[in-house]
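Residue numbers (UniProt numbering), protein chains in the order written: chain A, 1 to 357; chain B, 1 to 357.
Notes to accompany the following structure.
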């Protein structure tokens, strides 16, 4: 076994005859000696790792498709692992990928603030590219969207329709160091006026997407001169469809309920739709809704739902292209790439109806 | 680099002082020498591979969650790769996982018939467990459901409600050797009476899920003494939501359209719902629908959709348990495990309405 490992791995002494035997056996078992030989020459394994935060979220499945397609075009295999939004599992996943000697890693950081395990990756020379979120303290490329602007567009659409009581459905742990995706925005943090929930000003440069989207919600209100009722912008306490449903249910029971809602991602959006159904409310007559992510289900509800479309596949593909450029020796300074989003206006948004105004 | 590899990998000569230095550096970089040492002792890498057929299909994402949870409980990392339902990519994924020396592989076979690359895996001593589908010629455990019985239950529900014109929406390439998941069923292949589409009798023991579900559709009709109109049971020519939509659209345009539909999985189901919406049909007044897979979206359509619920998470968890038992030396004969499904009756199914009868 040690001999076969030396022959296939290309280290230590193996007699030419033995090496021939091992390679023949490898062929019989389906290995391709050319792959092995090429990766020896190039000092790469022609494999990359992708650490997604939650594989059940379609965002990561669609991004993985983009990563895989580009990687394959360049002869690389991709291994996906899953951090379940837990820092310890992210550390373990990164360690496991390094042990497997992948040539680079694409990662949606679940941790915030200090990330020595990710700085180590960069310092060890293994290329690292962030997707969806980034960590300002780790010098690596990142592929994101402008979450603040995207949310501002979504909420601005509702404000322009005439809505003045717009609920935010977001799990946005906005604190100074609990923040990830760079935002360049010099505005005052509009949330100062919100006493409960999304109340702290985040670090301008690093912020989780949900917090950035909450920021955009507040900025849109500020730009329109519309005050935010703090009872409509409380944090959803857990990241789950059920918690979103409960929060929407609470807001619908207010004496002056919202006439529109903005859900910060597809999980929050699903919970919101369930709450509206249970309350017997009809979109857009009774209430309007905008959510994030153009998933299949948003087009088959009654009515179809107005969404912010992220170019998820393209984000994965671009992350793979950046990573492979680094693997091939690109040493330019780390760049932040922001891909454009689109507001798709469908049937779930309209002027406040007679029943809601 | 070669020295570090020897020290961490545990082969060849490394002086004790050098080995100490390498391990110290590994700790600094976030490696855990205990993991390395343990895997050396146990001759395992404490990693397993999962080859899913299509990562964008929520089936595989949910199964991956089950696989990961069980693997983690036992200290194993999981690497997911994706075959995109292509045999060449499956072969490549398996090869890449073997090069990475995973301790075992869970795989949803996309190829059919002869699978020398998978027989090689088994012969080389690397444990292999099939999920969702199996190959009769490869002696490995498989975790499936009884697809024939599940479809028979779904279609039986529609027949019991009084429907006599039930459409099948399935991409079911039913041919003698184009078949995967074992079915133990001694019935005659009811499709003999169907001239176009699902017309051939599959091998009793190996069959793709969609073909098995088409079989169940036909068996339910046979059991009820209801003839099948071949125009309602043609094969959807491509595996895509759009192709399913087009096929349903064609059937709705018939002089005697169906009063109910059975969609063989969640992709076919999505396309079916889109076609019904576009035709302006209301469920269940105009038409009834049963589909496969209890995905979130099936509960938020208007009305919610009657589905066959597969225990997808449990299938992944059970696959991981079987695989780890094999890794730990279980040499009992390969077993086929069939997990139970449930029919969840929701608002999309009812007696044929006045507008459809």
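Every residue, glycine too, gets a C-beta built ideally from N, C-alpha and C.
Item                                                                                                                                                                                         : Value
Confirm, please, whether the CB-CB distance from residue 142 of chain B to residue 277 of chain B is below 8 Å.                                                                              : no
In chain order, what are the residue ranges of uninterrupted alpha helix (DSSP H) at least 4 long that sit wholly in the segment 303-346 of chain A?                                         : 312-327
Run through chain B and tell me which residues come within less than 9 Å of residue 312 of chain A, C-beta to C-beta.                                                                        : Within 9 Å Cβ-Cβ: nothing; residue 312 of chain A doesn't reach chain B, min ~10 Å.
Is it the case that the segment 215-232 of chain B contacts the segment 155-162 of chain B, given that we only count it when at least three CB pairs across the two stretches are under 8 Å? : yes
Using a C-beta cutoff of 8 Å, does residue 129 of chain A count as contacting chain B?                                                                                                       : no
In terms of residues, what are the limits of the alpha helix (DSSP H) holding residue 120 of chain B?                                                                                        : 116-123
With 8 Å set as the bound, which would you pick, yes or no: does the beta-carbon of residue 51 of chain A sit closer than that to a beta-carbon of chain B?                                  : no
By the criterion of Cβ-Cβ separation under 7 Å, what are the contact partners of residue 110 of chain A in chain B?                                                                          : By Cβ distance, chain B contributes nothing, its closest Cβ being about 14 Å from residue 110 of chain A, past 7 Å.
List the endpoints of the continuous beta strand (DSSP E) containing residue 167 of chain B.                                                                                                 : 166-169
Kindly confirm or deny that the segment 241-254 of chain B and the segment 264-277 of chain B touch, where touching means at least three C-beta pairs closer than 8 Å.                       : yes
Please report the distance separating the alpha-carbon of residue 304 of chain B from that of residue 343 of chain B.                                                                        : 13 Å
How would you write the range of the alpha helix (DSSP H) that residue 263 of chain A sits in, first residue to last?                                                                        : Careful: residue 263 of chain A lies outside any alpha helix (DSSP H), inside the beta strand (DSSP E) at 260-263.
So, under 8 Å CB-CB, residue 263 of chain A and residue 289 of chain A are touching, yes? Tell me the CB distance rounded to an integer number of Å.                                         : 7 Å
Quick one: what's residue 107 of chain A bridged to in DSSP?                                                                                                                                 : A:51, A:130
Given this structure, state the Cα-to-Cα distance separating residue 210 of chain A from residue 63 of chain A, to the nearest angstrom.                                                     : 18 Å
Below 8 Å, can you find three or more Cβ-Cβ pairs linking the segment 346-353 of chain A to the segment 286-301 of chain A?                                                                  : yes
By the three-class DSSP mapping on this structure, what secondary structure does residue 147 of chain A have?                                                                                : helix
Can you confirm whether residue 88 of chain B, when its beta carbon is compared against all beta carbons of chain A, has any partner nearer than 8 Å?                                        : no
Have a look at the DSSP bridge pairing and note the partners of residue 80 of chain B.                                                                                                       : A:80, B:50
Can you tell which of B:256, B:165, B:212, B:238 has the C-alpha that lies nearest to the C-alpha of residue 226 of chain B?                                                                 : B:165
Please check the pair residue 105 of chain B and residue 121 of chain B, which I expect to be a contact at CB under 8 Å, by giving their CB distance rounded to whole angstroms.             : 6 Å
Per DSSP, what kind of secondary structure is residue 230 of chain A in: helix, strand or coil?                                                                                              : helix
How many angstroms separate the CA atom of residue 146 of chain A from the CA atom of residue 313 of chain B?                                                                                : 34 Å
Identify the continuous beta strand (DSSP E) that holds residue 44 of chain A and give its terminal residues.                                                                                : Here residue 44 of chain A belongs to no beta strand (DSSP E), and DSSP marks it neither H nor E.
My assumption, with CB atoms under 8 Å, is that residue 69 of chain A sits in contact with residue 327 of chain A. Please give the rounded CB distance.                                      : Rounded, the Cβ-Cβ distance is 17 Å, inconsistent with contact.
Can you name the residues of chain A whose CB is closer than 8 Å to the CB of residue 274 of chain B?                                                                                        : 299, 300
Does residue 17 of chain A pass the burial test, meaning 16 or more other C-beta atoms within 10 Å, or should it be called exposed?                                                          : exposed
If you drop the 5 nearest sequence neighbours on each side, which residues of the same chain put their C-beta closer than 6 Å to that of residue 76 of chain A?                              : 46, 48
Give me the chain E residues within the contact set of residue 92 of chain A, using Cβ-Cβ distance strictly less than 7 Å, ordered along the chain.                                          : This model lacks chain E altogether; the protein chains it does include are A and B.
Quick one: Cα of residue 80 of chain A to Cα of residue 292 of chain A, how far?                                                                                                             : 24 Å
Measuring straight from C-alpha to C-alpha, what distance separates residue 140 of chain B and residue 94 of chain B?                                                                        : 15 Å
By the three-class DSSP mapping on this structure, what secondary structure does residue 141 of chain A have?                                                                                : strand
Have a look at residue 339 of chain A and residue 150 of chain A and give me their C-alpha separation to the nearest angstrom.                                                               : 11 Å
Along the segment 233-255 of chain B, where does the CB come closer than 9 Å to a CB of chain A? Name the residues.                                                                          : 241
State the Cα-Cα distance for the pair residue 129 of chain B and residue 323 of chain B, rounded to the nearest angstrom.                                                                    : 6 Å
Compute the beta-carbon to beta-carbon distance between residue 214 of chain A and residue 170 of chain A, rounded to the nearest angstrom, for a pair I have assumed lies under 8 Å.        : 5 Å
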